[in-house]
Amino acid sequence: MSSIPETRRAVVIEDDPDIRGLLVHVLVKQGFEVTQAEAGLPGVEEVRRVRPDLVTLDLNLPDLDGLEVCKLLREFSDAFIVMLTARTDELDKLTGLDNGADDYISKPFSPRELQSRINALFRRRQVPAVDTGAAKELERATEVQQSLLPNEDIRVDGYDLAGAFRPSRNVGGDFYDWYRSPDGLHLTFADAMGKGMGAALIAATVRAVMRSTSRREDLDGAFTAASTAIAADLDSSSSFVTLFHARLDAASGTVNYVDAGHGLALHVKAAGTVRRLPSGGPPVGAWAGSSWPQSTLTLAPGDALVVASDGVLDVFDSVEAFAEAVLVATHGQQSAQSASDAILSLAPADSAEDDVTAVVMRRLPVPAGA
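Under this note's numbering, the first residue of the sequence shown is numbered 733, with each subsequent residue one higher.
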């Protein structure tokens, strides 16, 4: 008889009610039993009472500085401690880690980034072997996941588009999709929270719904309609989906997009610089009644839109380091496919615990003399 896995516990120490609510929601979605505290001293007592596996700790608390709270916690707790703060200078970061923190995230942060950091911390612990029945389910989930990838070779004059995908042994909910439109193309990149068949089926639902709304001209309205359509499925499975959806107007290079909690889309410019596109709202399914604003970027000749999964992010200590590594890997590549492959190589297969996925949409340079 297989044993029931022990429940993981977390304590959120955060004085801002909105951020505290988001942290609690994300952690509950990840399977934690969560309690919370609004200040440092109550937080220390809560950690002492609950004996959690994880603590998220704000540095700017109303009673004690978060660094002092971290030091107090380390006197009796071996829980993973993730610090969250608006402070960005390196001294605070180093001091925080010296006081016993396991990781450090600057505000504002995306739920996907937080989830990725937490997953990386818990991967330090040994993962039990998968039994035969589970292995068969993972095999079926892999087949579902592979079927979601586009099987058509899109050709848009002046552009080069390619993707690369490598499933992990756990199988998650990563997928990407693209298809032609009268003016260019549509691109969807998503990650359903969770592993195995459940995540793969949620991803399949998201793909179908996003395709069904492609005829709507208003991107933000189409996105809201799609999120409403899948809300029941997400709620029943206690899941959510980070989602990036873009529409390219090929003639102008204009890309209209919506980012729902994904936060790993980059504008790589021909000049050799990179800009991370900000997330425009929470993941789909995280908060009822959410809406997501449409944003716009312009791809100049030689520029590229790069979207990667958190399986790539997991390799790096920060989103900034991730962005710079993607820039180095993609800049100067001769094709979108070689750029996608180079991004996957940043996360070696023998160490990756999550799906590793990348899509590159590149506007071709203007030929010399043209």
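Using N, Cα and C, we set each Cβ at its ideal position, and we do this for glycine too.
Point to revise | Which of helix, strand or coil DSSP assigns to residue 842 | key: Sequence index remark: in the sequence shown, residue 842 carries index 110 (1-based). Of the three classes helix, strand and coil, the one that applies to residue 842 here is coil, per DSSP.
Review point. Below 8 angstroms, can you find three or more Cβ-Cβ pairs linking the region 930-946 to the region 993-1013?
Key: Result no; under three Cβ-Cβ pairs closer than 8 angstroms.
Exercise for review: Quick one: grab the DSSP three-state call for residue 1088.
Suggested key: As a working mapping, residue 1088 is identified with position 356 in the sequence shown. Residue state, collapsed to three classes: strand.
Practice item. Determine the closest residue to residue 942 out of 986, 925, 964 and 976, with distance taken between C-alpha atoms. Key: To locate residue 942, count along the sequence shown from 1; it is residue 210. With distances taken between Cα atoms, residue 942 lies closest to 976.
Review point. Under a Cβ-count criterion, where at least 16 other Cβ atoms within 10 Å of its own Cβ denotes burial, should residue 916 be classed as buried or exposed?
Key: Locating residue 916 in the sequence shown gives position 184, where the first residue counts as 1. Using a 10 angstroms sphere on the CB of residue 916, the tally of other CB atoms reaches 16 or more, which defines it as buried.
Exercise for review: Specify, as a first and last residue, the run of the beta strand (DSSP E) that residue 739 falls within.
Suggested key: Walking along the sequence shown from the start, residue 739 turns up at place 7. From DSSP, residue 739 is part of no beta strand (DSSP E); its letter is neither H nor E.
Exercise for review: Count the other C-beta atoms from every protein chain shown that fall within 10 angstroms of the C-beta of residue 939, then say buried if there are 16 or more, exposed otherwise.
Suggested key: Within the sequence shown, residue 939 is the residue found at index 207, counting from 1. So residue 939 counts as buried.
**Study point:** Run of the beta strand (DSSP E) containing residue 813, from where it starts to where it stops
**Key:** Here residue 813 corresponds to residue number 81 of the sequence shown, with the count starting at 1. For residue 813, the enclosing beta strand (DSSP E) covers residues 812-817.
**Study point:** Residue environment, residue 790, which counts as buried when at least 16 other CB atoms sit within 10 Å
**Key:** Within the sequence shown, numbered from 1, the residue matching residue 790 stands at position 58. With 16 or more Cβ atoms within 10 Å of its Cβ, residue 790 is classed as buried.
Exercise for review: Could you give the DSSP three-state label for residue 754: helix, strand or coil?
Suggested key: Here residue 754 refers to the residue found at position 22 of the sequence shown. Correct three-state label for residue 754: helix.
Check your understanding: Going by beta carbon distance, what residues of the same chain come within less than 7 angstroms of residue 1074, once the five residues before and after it are set aside?
Key -> For this step, residue 1074 is matched to residue 342 along the sequence shown. These residues qualify, in order along the chain: 1061, 1062 and 1065.
Check your understanding: Name the DSSP beta bridge partners of residue 1038, please?
Key -> Position 306 of the sequence shown holds residue 1038. According to DSSP, which records beta bridges pairwise, residue 1038 is partnered with 998 and 1092.
Check your understanding: Taking the Cβ atom as the reference point for each residue, do residue 1091 and residue 908 lie within a distance shorter than 9 angstroms?
Key -> Here residue 1091 refers to the residue found at position 359 when the sequence shown is read from its first residue. Here residue 908 refers to the residue found at position 176 when the sequence shown is read from its first residue. Contact check for residue 1091 against residue 908 passes: the beta carbons are separated by less than 9 angstroms.
Check your understanding: Using 8 angstroms as the Cβ pair cut-off and three pairs as the minimum, do the region 788-802 and the region 746-753 touch?
Key -> A contact is defined here as three or more CB-CB pairs under 8 angstroms, and the region 788-802 meets this definition with respect to the region 746-753.
Exercise for review: For residue 844, count neighbouring Cβ atoms within 10 angstroms of its own Cβ and tell me buried if that reaches 16, exposed if not.
Suggested key: Taking the first residue of the sequence shown as 1, we reach residue 844 at position 112. With 16 or more Cβ atoms within 10 Å of its Cβ, residue 844 is classed as buried.
Review point. Rounded to a whole number of angstroms, what is the C-alpha to C-alpha distance between residue 1024 and residue 887?
Key: Counting from 1 along the sequence shown, the entry for residue 1024 is found at position 292. Counting from 1 along the sequence shown, the entry for residue 887 is found at position 155. In this structure, the straight-line span from the alpha carbon of residue 1024 to that of residue 887 is close to 29 angstroms.
**Study point:** Cβ distance (whole Å) where residue 1054 is taken to contact residue 1018 below 8 angstroms
**Key:** By 1-based counting over the sequence shown, the position of residue 1054 is 322. By 1-based counting over the sequence shown, the position of residue 1018 is 286. The Cβ separation is near 22 angstroms, so there is no contact.
Review point. For the alpha helix (DSSP H) that contains residue 947, what are its first and last residues?
Key: Locating residue 947 in the sequence shown gives position 215, where the first residue counts as 1. In this chain, residue 947 is not harboured by any alpha helix (DSSP H), its DSSP state being neither H nor E.
**Study point:** Proximity of residue 983 and residue 1012 at Cβ, strictly below 9 angstroms
**Key:** Translated into positions along the sequence shown, residue 983 becomes position 251. Translated into positions along the sequence shown, residue 1012 becomes position 280. Not in contact: residue 983 and residue 1012 (Cβ atoms no closer than 9 angstroms).
Practice item. Name the two residues that bound the continuous alpha helix (DSSP H) containing residue 764. Key: Taking the sequence shown and counting its residues from 1, one reaches residue 764 at position 32. Membership of residue 764 in any alpha helix (DSSP H) is not indicated; the residue belongs instead to the beta strand (DSSP E) covering 764-769.
Check your understanding: Would residue 847 pass as a contact of residue 762 if the rule is Cβ separation under 9 angstroms?
Key -> Reading the sequence shown from its first residue, position 115 is the one you call residue 847. Reading the sequence shown from its first residue, position 30 is the one you call residue 762. The answer is yes: Cβ separation under 9 angstroms.
Point to revise | Simplified DSSP state of residue 837, which is helix, strand or coil | key: Counting from 1 along the sequence shown, the entry for residue 837 is found at position 105. Taken through DSSP and simplified to helix, strand or coil, residue 837 comes out as strand.
**Study point:** Spatial distance of residue 912 from residue 961 (CA atoms)
**Key:** In the sequence shown, residue 912 corresponds to position 180, counting from 1. In the sequence shown, residue 961 corresponds to position 229, counting from 1. The straight-line gap from Cα to Cα measures roughly 23 angstroms.
**Study point:** C-beta contact flag for residue 754 and residue 814 at 9 angstroms
**Key:** On the sequence shown, position 22 is the one that residue 754 refers to. On the sequence shown, position 82 is the one that residue 814 refers to. Taking 9 angstroms as the Cβ cut-off, residue 754 and residue 814 do not qualify as a contacting pair.
**Study point:** Unbroken alpha helix (DSSP H) run spanning residue 981, endpoints
**Key:** As a first step, residue 981 is located in the sequence shown; it is residue number 249 there, counting from the start. Boundaries around residue 981 are those of the beta strand (DSSP E), 973-981, since no alpha helix (DSSP H) includes it.
Check your understanding: Can you tell me the Cα-Cα spacing of residue 850 and residue 1099, whole angstroms?
Key -> Within the sequence shown, numbered from 1, the residue matching residue 850 stands at position 118. Within the sequence shown, numbered from 1, the residue matching residue 1099 stands at position 367. One C-alpha to the other measures close to 46 angstroms.
Point to revise | DSSP state of residue 992 mapped onto helix, strand, coil | key: Here residue 992 refers to the residue found at position 260 when the sequence shown is read from its first residue. When secondary structure is reduced to three states using DSSP, residue 992 falls in the strand class.
Point to revise | Outcome for residue 1086 when other beta-carbon atoms lying within 10 angstroms are tallied against a minimum of 16 | key: The count along the sequence shown starts at 1 and reaches residue 1086 at position 354. That one is buried.
Check your understanding: Among 757, 1032 and 783, which residue has its Cα nearest to the Cα of residue 891?
Key -> Against the sequence shown, residue 891 aligns to sequence position 159. That would be 1032, whose Cα lies nearest to the Cα of residue 891.
Practice item. Give the DSSP-derived three-state secondary structure of residue 1067 in the structure shown. Key: Taking the sequence shown and counting its residues from 1, the one referred to as residue 1067 is at position 335. Three-state DSSP puts residue 1067 in coil, outside helix and strand.
Exercise for review: Give the DSSP-derived three-state secondary structure of residue 881 in the structure shown.
Suggested key: For the purposes of this step, residue 881 is taken as residue 149 along the sequence shown, with counting starting at 1. Assignment of residue 881 by DSSP, reduced to helix, strand and coil, places it in the coil class.
Review point. Who are the Cβ neighbours of residue 809 in its own chain at under 6 angstroms, not counting the five residues just before and after it?
Key: As a working note, residue 809 is residue 77 in the sequence shown. Result list for residue 809: 779, in chain order.
Check your understanding: Less than 9 angstroms separating the beta-carbons of residue 1044 and residue 997?
Key -> By one-based count along the sequence shown, residue 1044 stands at place 312. By one-based count along the sequence shown, residue 997 stands at place 265. No, they are not a contact pair.
Practice item. Label residue 1088 either buried or exposed according to how many other C-beta atoms from any shown protein chain fall within 10 Å of its C-beta, with 16 as the threshold for buried. Key: Position 356 of the sequence shown, counting from 1, holds the residue named residue 1088. Within 10 angstroms of the beta-carbon of residue 1088 lie 16 or more other beta-carbons, which makes it buried.
Review point. Quick one: Cα of residue 1006 to Cα of residue 995, how far?
Key: Along the sequence shown, one-based indexing puts residue 1006 at 274. Along the sequence shown, one-based indexing puts residue 995 at 263. The straight-line gap from Cα to Cα measures roughly 14 angstroms.
Check your understanding: Since residue 896 is in the beta strand (DSSP E), which residue starts that stretch and which ends it?
Key -> Counting from 1 along the sequence shown, the entry for residue 896 is found at position 164. Run containing residue 896: 891-898, per the beta strand (DSSP E) assignment.
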